[in-house]
Every structure is written in structure tokens, then in C-alpha cells.
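Trainee:
Numbering (this note's numbering), first residue to last: 5 to 174.
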């Protein structure tokens with residue numbers, strides 16, 4: 005129960021659960037909330053998603069936007085790891101392997117062609133062609149899946165190496 009509520013709740017309030025202000029993490033401990041990591045991670049993907057369309061962007065700007073996107077994907081992967089820590093190690097290992105293999109498949113099977121013959125003659129040079137942008141989005145998604153799988157397996161490896169052994173059932 006929320007520490008902000010001093011009296012006993014009325015029956016109709018008890019069915020609704022704690023007040024909304026008690027469910028959210030605020031103040032100095034807000035950075036510990038994995039849901040915030042996911043929200044911030046999605047926003048960090050936005051600059052690279054926009055800059056992929058602009059062909060004349062200076063290289064340092066694209067590199068910074070890509071690093072922000074990687075940080076965003078790392079935040080989302082960390083939120084997945086935190087959620088999976090409450091599950092069994094087998095489930096964590098299975099999901100990590102599936103994500104690693106799935107990421108390899110996504111990176112290897114880029115469905116977008118390198119060029120489209122009817123677009124090349126008239127497409128403006130300042131705007132990136134759609135198939136190139138689609139391929140960049142596809143590769144970014146594959147990188148995110150790979151990163152999440154690697155984070156799960158690395159966390160499992162660290163937990164297995166530093167944790168105490170699980171009790172054996174008899």
C-alpha cells in the first residue's frame with residue numbers, strides 16, 4: 005500500500021488499487037524504472053530514423069544519431085533483461101538464443117533492393133531513396149534484436165558465474 009495513504013481505504017477504492025501517484029517512480033529514483041528506459045530508448049531512435057531520409061547530412065551528425073540509437077536500443081534491451089530476471093534461467097537462455105539467431109536472420113535477409121531502376125533517373129539527390137531507408141531501418145532492427153539477445157546471454161553468464169549454485173532437487 006502507498007505510504008501516502010494514512011487511513012484505511014473505502015471499499016470502492018480498495019478495488020481500484022493504489023492511487024496513480026503511488027504506482028509511478030518519481031524523483032531521484034525515476035531512472036531505475038525499466039518502463040522509462042523503454043520510453044527514452046524509443047525517443048533516442050528518432051534522430052537516426054529522421055536522418056536516414058536526408059542524404060546530405062554531415063557524417064559526424066549521422067554518427068552521433070547512430071550512437072544515440074544504439075544507446076536507446078541498449079536501454080530497451082536492459083529493460084528486457086530486468087523483466088527476464090524474474091523468470092527462470094532456462095527461459096532467459098532460450099530467449100537469448102532465439103534473439104541472437106533471429107537477429108542474424110534479420111541482418112542476413114535484407115528484403116530491400118540496393119537500387120530501383122525507375123527511381124534513379126528522377127529521384128532528388130538530397131533525399132535518400134525509400135529502399136535505402138527501408139534497408140537502414142531493417143538493419144537497425146536487426147542490430148537491436150542482436151543487442152537484446154547478447155544482453156540476455158551476457159547477463160545469464162554473469163549471473164551463473166557470480167551467483168550461488170541452485171539447490172539440487174532430490
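Virtual Cβ for every residue (Gly too), placed ideally from N, Cα, C.
It should be emphasised that the depicted structure is a prediction, and the values quoted were computed from it without experimental measurement.
(1) Does DSSP classify residue 160 as helix, strand or coil?
(2) First and last residue of the alpha helix (DSSP H) that includes residue 75?
(3) Could you give the DSSP three-state label for residue 58: helix, strand or coil?
(4) Does the beta-carbon distance from residue 107 to residue 80 come in below 9 angstroms?
(5) Can you list, in chain order, the residues of its chain whose CB lies under 6 angstroms from that of residue 177, leaving out five sequence neighbours each side?
(6) Let me check understanding here. Comparing Cα to Cα, which of 42, 69, 56 lies closest to residue 142?
(7) So, at 7 angstroms on beta carbons, what are the nonlocal neighbours of residue 151 in its own chain, with the 5 sequence-adjacent residues on each side left out?
(8) To the nearest angstrom, how far is it from the Cα of residue 90 to the Cα of residue 41?
(9) Suppose contacts are defined by Cβ-Cβ distances below 9 angstroms. Is residue 149 in contact with residue 103 by that definition?
(10) Residue 153: buried (16+ other C-beta within 10 angstroms of its C-beta) or exposed?
(11) Please name the residue in 165, 59, 144 whose C-alpha comes closest to that of residue 110.
Mentor: Walking through what the data contain:
(1) helix
(2) 63-88
(3) strand
(4) no
(5) Absent from the structure is residue 177, since the part of the chain shown begins at 5 and ends at 174.
(6) 56
(7) 77, 78, 81
(8) 18 angstroms
(9) yes
(10) buried
(11) 144
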